[in-house]
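See below for the structure under consideration.
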Amino acid sequence: MAVDSAGLVAMGEYRYGGSVADRRKLFESAGGSKHPAPAHVAAPRALPPDSVAAVPPSVAGAASVPAAALASPGPSAPVVSPASARAGEAAPDDAPRARDYTLYRADTRTLERMRTDFPAGFSAWVPLGVEGARTFMGAFLGGRETSGLPAHVVDQIGKWGNPKLRDLSQYIKYTKDKSTVWVSTAINTEAGGQSSGAPLHKISAHLYEFEIVDNRLVPLPDGRRNALKPSLLLDAPTLEASSLIALNHGPLHDAEISFFTPIPLSMVESYP
Numbered sequence: 001m002a003v004d005s006a007g008l009v010a011m012g013e014y015r016y017g018g019s020v021a022d023r024r025k026l027f028e029s030a031g032g033s034k035h036p037a038p039a040h041v042a043a044p045r046a047l048p049p050d051s052v053a054a055v056p057p058s059v060a061g062a063a064s065v066p067a068a069a070l071a072s073p074g075p076s077a078p079v080v081s082p083a084s085a086r087a088g089e090a091a092p093d094d095a096p097r098a099r100d101y102t103l104y105r106a107d108t109r110t111l112e113r114m115r116t117d118f119p120a121g122f123s124a125w126v127p128l129g130v131e132g133a134r135t136f137m138g139a140f141l142g143g144r145e146t147s148g149l150p151a152h153v154v155d156q157i158g159k160w161g162n163p164k165l166r167d168l169s170q171y172i173k174y175t176k177d178k179s180t181v182w183v184s185t186a187i188n189t190e191a192g193g194q195s196s197g198a199p200l201h202k203i204s205a206h207l208y209e210f211e212i213v214d215n216r217l218v219p220l221p222d223g224r225r226n227a228l229k230p231s232l233l234l235d236a237p238t239l240e241a242s243s244l245i246a247l248n249h250g251p252l253h254d255a256e257i258s259f260f261t262p263i264p265l266s267m268v269e270s271y272p
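If you want it as structure tokens, here you go:
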């Protein structure tokens, strides 16, 4: 295939400044015409590398390398991690999962009397109601709203400043008067040592469990694992949608579950 003098540029040495005779030898060795290039033809001007269509592996005429093979690479492909490579596998489910809880409450009132005289269920000495319990628990999630809460509860929140669930656990532990805003239950039939001689009630609940981290609810699908870290129990995935709100605290194997909402009798049966 004939190659004209412009082909020298495509052959790679685009900055060649030798004599006409040297250029002719190079041109002929690359397979060009044996007719000498006109003397008036100036040496090919230098071109920037981006304009070179192909570069030969040597100055003497081997086949040129396609430009596409030498083009500047585009953006590199994303590195695929082992986790993302398993695209066909189901992603882990981080959504909260409810579990069944069996709790016990010792109370001098029989279930029959509860149904007759207290049909709303077990309530605290100072009941907050569902909305009040949501407002109160919101304080442990960074909330500042306290409207509708009893004065002594608002005062206590002010004393805590930035309350944590462990503060609430300590408050429950040492408050034994009739100012309490919670209903105590236990995970064991001893019911916190209060069951001696009193009717025992079994409570069945389906609840979500959370810890609070940086004012956020973090699911604990397998329950809490640290006796020093209380957890929050809700009957819905969010506080706003919950009508049962309780604190799980104390020793892991003898925990108290303190409800800030009423415990409806639909969840209660006599035990044994």
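When the letters of the sequence shown are read in order and numbered with UniProt numbering, they come out as residues 1 to 272. Using N, Cα and C, we set each Cβ at its ideal position, and we do this for glycine too.
As assigned by DSSP and simplified to three states, the class of residue i
{"i": "SER169", "result": "helix"}
{"i": "VAL79", "result": "Low local confidence applies: a pLDDT of 32 at VAL79 is under 50, so the model's placement there is unreliable, and no value is given."}
{"i": "ILE187", "result": "coil"}
{"i": "VAL153", "result": "helix"}
{"i": "LEU239", "result": "coil"}
{"i": "LEU232", "result": "strand"}
{"i": "SER258", "result": "strand"}
{"i": "SER266", "result": "helix"}
{"i": "LEU70", "result": "Since pLDDT at LEU70 reaches only 37, below the 50 mark, its modelled position is unreliable, and the value read off the structure follows with that caveat. Note: LEU70 maps to helix in three-state DSSP."}
{"i": "HIS253", "result": "helix"}
Start-to-end residues for the beta strand (DSSP E) that takes in residue i
{"i": "ILE212", "result": "200 to 213"}
{"i": "LEU247", "result": "245 to 249"}
{"i": "ARG224", "result": "First-last for ARG224: undefined, no H or E at that position."}
{"i": "LEU217", "result": "216 to 219"}
Selected residue, minimal CA-CA separation from residue i, among the options
{"i": "PHE210", "options": "ALA106, SER242 and GLN170", "result": "SER242"}
{"i": "HIS253", "options": "ALA191, THR238 and PRO272", "result": "ALA191"}
{"i": "ASP107", "options": "LYS176, PRO237, ASN162 and GLY197", "result": "GLY197"}
{"i": "VAL181", "options": "LEU217, PHE136, GLY161 and ASP100", "result": "PHE136"}
{"i": "LYS176", "options": "ALA151, GLU131, PRO150 and VAL126", "result": "VAL126"}
{"i": "PHE140", "options": "ALA120, ALA186, GLY148 and LEU232", "result": "LEU232"}
{"i": "TYR104", "options": "VAL154, LEU207 and THR189", "result": "THR189"}
{"i": "PRO163", "options": "TYR271, PRO230 and ILE257", "result": "PRO230"}
{"i": "ALA227", "options": "LEU165, GLY132 and PHE118", "result": "LEU165"}
{"i": "GLN194", "options": "TYR208, GLY121, ASP100 and GLU256", "result": "GLU256"}
{"i": "LEU207", "options": "SER179, ALA236 and ILE172", "result": "ALA236"}
{"i": "HIS201", "options": "SER258, ALA120, ARG109 and GLY138", "result": "ARG109"}
{"i": "ARG99", "options": "GLU240, VAL153, SER204 and ARG225", "result": "SER204"}
{"i": "ASP214", "options": "ARG115, THR116 and GLY138", "result": "GLY138"}
{"i": "TYR101", "options": "PRO272, ASP222 and LEU239", "result": "ASP222"}
{"i": "GLY132", "options": "SER147, ALA120, PRO119 and PHE118", "result": "SER147"}
{"i": "LEU149", "options": "LEU128, TRP160 and ASP167", "result": "LEU128"}
{"i": "GLU240", "options": "HIS152, VAL130, SER123 and THR116", "result": "VAL130"}
{"i": "SER258", "options": "ARG115, VAL153 and LYS173", "result": "LYS173"}
{"i": "LEU234", "options": "ALA151, ILE245 and ASP117", "result": "ILE245"}
{"i": "LYS178", "options": "PRO199, HIS152 and LEU168", "result": "HIS152"}
Residues bridged to residue i [DSSP beta-bridge criterion]
{"i": "ASP100", "result": "HIS206"}
{"i": "ARG105", "result": "HIS201"}
{"i": "TYR174", "result": "Bridge partners of TYR174: none, in fact."}
Residue range of the unbroken alpha helix (DSSP H) whose run includes residue i
{"i": "GLU131", "result": "129 to 138"}
{"i": "ARG115", "result": "111 to 117"}
Residue i burial status per 10 Å Cβ neighbour count (16 or more: buried)
{"i": "SER266", "result": "exposed"}
{"i": "ASN248", "result": "buried"}
{"i": "PHE260", "result": "buried"}
{"i": "PRO262", "result": "buried"}
{"i": "VAL218", "result": "exposed"}
{"i": "ALA186", "result": "buried"}
{"i": "ARG216", "result": "exposed"}
{"i": "GLU112", "result": "exposed"}
{"i": "ALA95", "result": "exposed"}
{"i": "GLN170", "result": "exposed"}
{"i": "ARG144", "result": "exposed"}
{"i": "ARG97", "result": "exposed"}
{"i": "ALA120", "result": "exposed"}
{"i": "SER270", "result": "exposed"}
{"i": "GLY158", "result": "exposed"}
{"i": "LEU161", "result": "The question names Leu, but residue 161 in the sequence shown is Gly. Its Cβ having fewer than 16 others within 10 Å, GLY161 is exposed."}
{"i": "SER184", "result": "buried"}
{"i": "ASP250", "result": "According to the sequence provided, residue 250 is Gly. The question's Asp does not apply to it. GLY250 comes out buried."}
{"i": "ARG224", "result": "buried"}
Contact test: residue i Cβ vs the ligand FMN heavy atom, cutoff 7 Å
{"i": "ALA236", "result": "You won't find the ligand FMN in this model; it holds no ligand whatsoever."}
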